[in-house]
Ligand code: FES
């Protein structure tokens with residue numbers, strides 16, 4: 005069993021959990037994820053590893069309560085134990101020393117998984133510029149953590165309640181106009197946000213990496229649930245990703261596939277609430 009050693013309520017629907025999982029923490033790297041099952045009745049949920057502490061043997065993740073399973077997990081408390089915890093899974097981020105600034109764009113809870121990538125890029129000697137955004141101030145997470153691994157941090161809110169008003173794409177366009185050259189962009193957040201970032205950087209021919217979060221089942225490349233169209237190839241996010249070239253990902257198809265189980269999800273959530 006995997007005990008929750010710390011829980012932080014970041015907003016009504018967004019919770020941060022630190023879980024004791026020494027074997028996972030030992031091997032975790034930026035870009036990895038894990039799959040957990042809260043109890044015998046719970047679904048398998050893929051979550052990104054947002055931070056890890058090898059000495060304490062813990063990993064940190066952020067969960068947004070959207071459906072029945074994520075709501076069940078979100079309601080767990082410190083001291084509760086998670087039944088299954090499998091990881092680290094996926095291919096870690098390719099960290100290298102780039103010839104120019106690297107830009108990390110995190111939207112909503114996508115700010116959490118972008119953090120270890122920013123930290124690794126910084127440790128490799130890169131200039132790290134981070135752009136983080138949320139709908140409003142209350143939904144903005146990990147500003148201090150991102151500041152601690154960034155040479156420059158730009159904060160945006162859609163409603164202007166904090167930082168600059170507007171979307172992360174606008175901040176990225178302004179940054180490009182200011183700097184003239186960017187070496188690489190990582191974008192993690194809702195699929196429409198990642199699609200928008202990829203569309204912005206495509207004409208600049210700036211390497212753009214996105215992290216896909218499709219439906220997953222086994223997480224081992226066997227079931228095909230997590231397939232993503234990347235250029236001419238069909239890839240499995242669990243074993244080939246979750247990071248892919250944002251300019252090649254078919255986001256329209258990925259968004260359609262994510263919506264497949266919306267009705268079942270709504271019914272499961274309603275059952276949970278009654
Ligand atoms: Fe089954 Fe990726 S989750 S192949």
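Residue numbers (this note's numbering): 5 to 278.
Every residue gets a Cβ at the ideal spot worked out from N, C-alpha and C, and that includes glycine.
Being a predicted model, the structure only gives us computed values, none of them experimental.
Cβ-based burial, residue 237 [other Cβ within 10 Å; buried from 16]: exposed
Cα-Cα separation, residue 110 to residue 183: 20 Å
Every unbroken alpha helix (DSSP H) within the segment 50 to 125, with a cutoff of 4 residues, ordered by chain: 72 to 78
Beta-bridge partners of residue 39, as assigned by DSSP: 50 and 90
C-alpha distance - residue 58 paired with residue 179, whole-angstrom precision: 35 Å
Counted within 10 angstroms of its Cβ, other Cβ atoms place residue 224 as buried (16 or more) or exposed: exposed
Residue 89 versus 199, 62, 131 and 234, residue with shortest Cα-Cα distance: 62
Residue 242, DSSP secondary structure in three states: helix
Endpoints, the beta strand (DSSP E) within which residue 133 is located: 132 to 138
Check: residue 227 C-beta below 7 Å from any heavy atom of the ligand FES: yes
Whole-Å CB distance - residue 16 paired with residue 47, under 8 Å assumed: Not really, about 22 Å apart at Cβ, beyond 8 Å.
Segment limits, beta strand (DSSP E) that includes residue 248: 247 to 249
Coil, strand or helix - residue 173 by DSSP: helix
Endpoints, the beta strand (DSSP E) within which residue 143 is located: No beta strand (DSSP E) contains residue 143, which DSSP labels as neither H nor E.
Any non-hydrogen atom of the ligand FES closer than 7 Å to residue 220 Cβ: yes
Among 45, 209, 44 and 60, nearest to residue 9 - alpha-carbon criterion: 60
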